[in-house]
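Letter by letter, the sequence shown follows residues 2 to 688 in the working numbering. All residues carry an ideal CB built from backbone N, CA and C; glycine is no exception.
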Amino acid sequence: MNKEDVIKHLKILVSQIEYHDNLYYNMDLPEISDAEYDQLRIQNKNLEIEFPDLVLPNSPSNKVGSSLTSTFNKVSHVVPMLSLGNTFTNKEVEEYINKTRRFLKINQNENMEFVAEPKIDGLSATLIYKNGKLILGATRGDGKQGENITDNIKTIEDIPKTLKGKYPEEIEIRGEIFISNSEFERINILRIQNSLPQFANPRNAAAGSVRQLDSKVTASRKLGFFAYSWGLLSSPIGKSLMEVRQNIKNMGFNLNHPVRLCLDLHEMLQFYENIYQNRSNLDFDIDGIVYKLNNLSYYDRLGATGHSPRYAVSHKFPPEVGLTILNDVKFQIGRTGAITPVAELKPLTIGGVRIQRASLHNKDEISRLGIVIGDTVSVKRAGDVIPQVINYIPDLRPKKNRAIVFPDNCPSCHSLLKRENDEVIIRCINSSKCSEQIKGQLVHFVSRNAFNIEGLGEKQIVELFDRNIIKEPADIFLINLEMKKDIKEKILGLSGWGALSLSNLIKSINNAKNQSIDKVIYSLGIRHVGLGTAKIISKNYINSESFIAKVRTLAISNSRENFIEELRQINGLGDKAIFSLVAYFQIHEKKFFNLIKFLNISDLLSMQDDSHYLYGKRIVFTGKFEFLSRTEIKNKSEKVGALISSQISNKTDILVAGLNPGAKYTKAKQLLVSIINEDSFLSYFKE
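1) Any idea which residues DSSP pairs Ala139 with across the strands?
2) Quick check: what's the CA-CA separation for Phe407 versus Ile193?
3) Taking the alpha carbon of Asn595 as the point to measure from, which residue in Pro310, Lys577, Leu479 has its own alpha carbon closest?
4) Quick test of your reading: Gly123 and Ile160, contact by CB under 8 Å. State the CB separation rounded to the nearest angstrom.
5) Going by CA-CA distance only, name the one from Glu483, Trp498, Phe580, Ile43 that's closest to Arg528.
6) Taking the alpha carbon of Leu41 as the point to measure from, which residue in Ser681, Thr127, Val79, Ser60 has its own alpha carbon closest?
7) Which same chain residues, not among the five before or five after Ile492, have their C-beta less than 8 Å away from its C-beta?
8) Within its chain, find whatever has a CB closer than 7 Å to the CB of Leu606; leave out the 5 residues flanking it on each side and keep chain order.
9) So for Phe318, helix, strand or coil by DSSP?
10) Using a threshold of 9 Å, state whether the C-beta atoms of Ser436 and Ser416 are closer than that.
11) Between the beta-carbon of Val260 and the beta-carbon of Leu297, is there less than 9 Å?
12) Please report the distance separating the alpha-carbon of Gln587 from that of Glu158.
13) Give the range of the beta strand (DSSP E) segment to which Ile602 is assigned.
14) In terms of residue numbering, what span does the beta strand (DSSP E) encompassing Asp288 cover?
15) My output table needs one value for Gly659: the three-state DSSP class, helix, strand or coil.
16) Count the other C-beta atoms from every protein chain shown that fall within 10 angstroms of the C-beta of Asn572, then say buried if there are 16 or more, exposed otherwise.
17) With distances taken Cα to Cα, identify the nearest neighbour of Tyr523 among Ala584, Asn515, Leu532, Gln516.
18) Under 8 Å Cβ to Cβ from Thr350, same chain only, skipping five residues before and after it: list those, please.
19) For Pro348, is the classification buried or exposed, using 16 other Cβ atoms within 10 angstroms of its Cβ as the cut-off for buried?
20) What are the complete alpha helix (DSSP H) segments, minimum 4 residues, inside the stretch 530 to 593?
21) Tell me the DSSP secondary structure of Thr163 in three-state form.
22) As a quick exercise: from Ile180, Pro342, His10, pick the residue whose alpha carbon is nearest that of Arg428.
23) Whose C-alpha, out of Asn636, Val521, Val641, Gly663, is nearest the C-alpha of Ile649?
24) How far does the beta strand (DSSP E) with Glu118 in it reach, from first residue to last?
25) Using 8 Å as the Cβ pair cut-off and three pairs as the minimum, do the stretch 140 to 147 and the stretch 102 to 112 touch?
26) For Asn410, tell me which candidate among Leu418, Ala404, Asn87 has the shortest Cα-Cα distance.
27) Is Val380 near the ligand ZN, in the sense that its beta carbon is under 8 Å from a heavy atom of that ligand?
28) Could you check how far apart the C-beta atoms of Ala643 and Thr653 are, in whole angstroms? I think they sit under 8 Å.
29) Under a three-way DSSP split, which group does Arg689 fall into?
30) Give me the Cβ distance between Leu227 and Asn257, rounded to the nearest whole Å; I'm assuming they're in contact under 8 Å.
31) So, using beta-carbon positions, are Leu457 and Ile477 closer together than 9 Å?
32) Per DSSP, what kind of secondary structure is Leu683 in: helix, strand or coil?
33) Would you mind stating whether Ser603 and Ser545 have Cβ atoms separated by less than 9 Å?
34) What is the DSSP secondary structure of Thr337, counted as helix, strand or coil?
35) Looking only at its chain, what residues have a beta carbon closer than 7 Å to the beta carbon of Tyr685, apart from the 5 residues adjacent to it on each side?
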């Protein structure tokens with residue numbers, strides 16, 4: 002590129018970045034993803050490195066945020082609020098560490114500690130306290146000046162109005178205002194109900210909430226705040242970052258979490274990878290990891306560029322949103338008959354994963370999106386969540402396009418589809434003869450939380466079903482050492498099957514014959530009957546045979562009504578589950594009794610201690626737990642006879658609240674449900 006071309010390109014980039022900065026920082030209406038914005042910044046930075054003599058006076062590299070245009074009063078930052086420099090690869094992180102070592106003259110044999118923490122995707126804010134009292138709250142703005150949002154700041158429960166413990170006479174605490182994902186969903190539902198446009202993401206919702214001229218609107222939205230840094234100080238608050246974090250916590254602030262003190266690059270990248278893989282378990286959005294030097298004595302020595310401090314850097318996650326073409330829409334049938342439209346996409350890579358399909362959820366969602374086949378669509382992938390189409394680009398709609406036509410008949414069995422009551426889901430109700438539903442039921446039957454038959458996954462189930470080897474659960478147990486020769490030959494004739502894999506499968510099938518009654522009920526895949534509901538049902542019968550006997554009586558006149566009334570006496574069991582359960586056994590009675598002939602069914606009650614405090618208690622869990630995973634904490638509860646539910650109701654006995662509990666916490670308080678933290682809950686299991 003010649004000099005004129007470089008200058009022209011830089012001017013275009015400056016114009017684009019300023020345009021998108023204004024949309025993001027002042028209007029909370031971004032048009033492009035963070036990853037696309039980062040690419041504009043990277044292009045500008047690379048050109049400036051290659052042509053340092055052509056850097057423009059208004060270069061984005063020397064700016065933070067955007068010029069202020071709001072109606073809030075301006076606040077000058079005594080200590081500038083800089084943004085962080087970005088790295089995108091492991092190699093760039095390594096280069097940053099080596100560059101920092103050279104700057105500080107620290108050799109390779111010395112440890113250089115970094116504190117690794119999640120980079121919260123929210124709105125940066127600063128809080129000034131004098132003599133422990135909050136006197137000012139402001140946004141970052143352009144780094145030199147922000148907006149005075151003190152009245153709105155004071156409505157945020159996470160922000161203390163008066164500091165606790167020891168603190169300097171004057172202190173400035175900096176952090177991130179955010180909205181949890183559960184609160185974000187609640188707000189958007191309300192906006193839909195009030196015919197208001199939805200917020201694009203939690204960050205926009207947080208920014209839009211905190212900039213309300215009426216602080217009552219801000220107060221109505223459950224904003225959170227994580228403290229992570231400081232500005233002006235009248236006296237020091239620690240010698241290391243980890244010490245400062247603890248002291249800030251002691252003052253009454255919540256800190257961003259999880260966090261790790263890392264001694265080398267390997268530990269830093271290990272933390273990054275762990276958070277990247279598990280970020281969907283957090284109830285707040287993050288877009289990367291921040292690495293900060295733990296030794297505060299290095300901070301002044303390193304100083305800052307016009308844009309970023311040198312003592313810290315962010316390591317951004319791969320993009321989770323991408324653009325591609327909607328080539329077609331197919332319709333899948335689930336095990337409960339639900340018809341799900343699936344977008345067939347021109348392949349794209351998001352976050353290192355190749356994506357060709359994405360969920361469109363249901364018929365109403367297609368109408369809401371307003372998409373047609375041929376559109377350029379935005380696709381989102383977060384953690385392990387199934388990719389989904391979130392919008393389309395109107396300006397790129399082709400003249401030749403096709404409307405998406407939702408079928409009237411089941412694509413599998415051609416039965417008429419129905420929308421039941423007020424549900425958004427459209428279903429095929431031909432559960433006994435629809436082959437796709439039956440395949441789904443069989444896949445569920447062998448899954449980990451059901452019969453857990455290793456060697457039988459979705460691929461194998463479909464192959465064995467299509468070759469008439471397995472048509473119902475009982476057929477699985479006909480695969481044994483005495484099986485018919487023609488069945489054995491059919492299985493061994495399938496790709497990937499050999500004598501050893503068949504032998505291992507037979508062992509797994511034999512092991513699966515021993516099941517508790519709750520697992521048997523759950524494995525059937527009855528609509529509205531999850532594992533928790535199956536346990537509730539099982540606990541209310543003296544033994545497994547007494548429940549099975551009730552199922553046998555369904556063939557007798559008037560027994561249906563008696564069974565329904567009996568089930569209604571069970572605490573925590575609703576009508577949807579009851580009618581679904583009874584209907585299943587009426588339709589599939591023969592299939593059920595074919596199955597249990599092969600099983601050794603144990604009683605759930607015999608495995609539980611009815612003297613335990615939690616026995617029979619209906620428990621709901623919410624938030625992030627520090628000591629045990631969600632699965633582990635539920636398993637401990639179920640072993641002592643607790644009833645696990647996913648929803649808060651007036652029948653809930655206990656809500657166990659972890660970090661960032663969300664909407665369930667609020668509802669539990671309204672219903673006067675007993676609320677305990679993780680420590681208190683685990684104390685019930687200590688001897």
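Short version:
1) Thr127, Asn149
2) 23 Å
3) Leu479
4) Not confirmed; about 13 Å, so no contact.
5) Phe580
6) Ser60
7) Leu465, Ile470, Ile480, Trp498, Leu503
8) Model confidence at Leu606 stands at a pLDDT of 49, short of 50, so the residue's coordinates are unreliable; what they give is reported in the following sentence. For Leu606, where only same-chain residues beyond five positions count, the Cβ hits under 7 Å are Lys540.
9) coil
10) no
11) no
12) 52 Å
13) 601 to 603
14) 287 to 294
15) coil
16) exposed
17) Leu532
18) Gly323, Ile356
19) exposed
20) 532 to 540, 545 to 553, 560 to 569, 576 to 588
21) strand
22) Pro342
23) Gly663
24) 115 to 121
25) no
26) Leu418
27) Although the ligand ZN was asked about, the structure shown includes no ligands whatsoever.
28) Ala643 to Thr653, Cβ: 12 Å. No contact.
29) The question about residue 689 has no answer here: the residues shown for the chain are numbered 2 through 688.
30) First, the residue type needs correcting, since residue 227 is Phe and not Leu in the sequence shown. With 8 Å as the limit, Phe227 and Asn257 qualify as a contact, their Cβ atoms being about 4 Å apart.
31) yes
32) helix
33) yes
34) coil
35) Tyr614, Leu615
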